[in-house]
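Count the sequence shown with the working numbering and you get residues 1 to 127, in order.
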Amino acid sequence: MPAIARPAANSVPEQLCFNSIPGFTVRADFAGGELSSDFGAVVLDAVDHRIGLIDCLTAAISDSRDARYITHPLRDLLKQRIFQIASGYEDGNDADTLRADPLFKLATGRAPLDAGNPLTVAQRTPA
């Protein structure tokens, strides 16, 4: 029976890079610091970027809403709901809270910080 290959003890990558949005670079490192249990949404976004599931679902569903009154495109609604279900928020009653979550915002292609926040403006202003 062949031996099972085991990863080396030091085989953890120093950092992982993810899809970025304008003005932000997205990466995860393993040095500790601030932790979040909802980083899975960002990983799901990276996977979806490769396989195109959300785009396929959007194309397969007819959106009969009146375009004059649409604030959120069907694609965004599907992405938010699917990522919430996959992240363990299957009831849907967390949507209002999670819409402000920086990692869920990032996973749906929005800036993770409030643009009106003075700290955010200071961080994004060139020196």
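Ideal Cβ positions, reconstructed from N, Cα and C, are used throughout, including at glycine. Just so we're clear, the structure is a prediction, and the values are computed from it rather than from any experiment.
Check residue i in the structure and name its three-state DSSP category.
{"i": "I54", "result": "helix"}
{"i": "R75", "result": "helix"}
{"i": "T108", "result": "coil"}
{"i": "F100", "result": "Reading off the sequence shown, one finds Ala at residue 100, where the question assumed Phe. Looking at A100 - three-state DSSP - the assignment turns out to be coil, as it is neither helix nor strand."}
{"i": "Y89", "result": "coil"}
{"i": "F83", "result": "helix"}
{"i": "D45", "result": "helix"}
{"i": "R68", "result": "helix"}
{"i": "G40", "result": "helix"}
In or out: residue i buried (at least 16 other Cβ within 10 Å) or exposed?
{"i": "T71", "result": "exposed"}
{"i": "A107", "result": "buried"}
{"i": "R45", "result": "Here residue 45 is Asp; the residue named in the question, Arg, does not match the sequence. Flag for D45 reads buried."}
{"i": "V42", "result": "buried"}
{"i": "S62", "result": "exposed"}
{"i": "T125", "result": "At T125, the pLDDT of 45 sits below 50, so the modelled position is not reliable; the number obtained from the coordinates is stated separately. Answer is exposed; the Cβ neighbour count stays below 16."}
{"i": "S87", "result": "buried"}
{"i": "I54", "result": "buried"}
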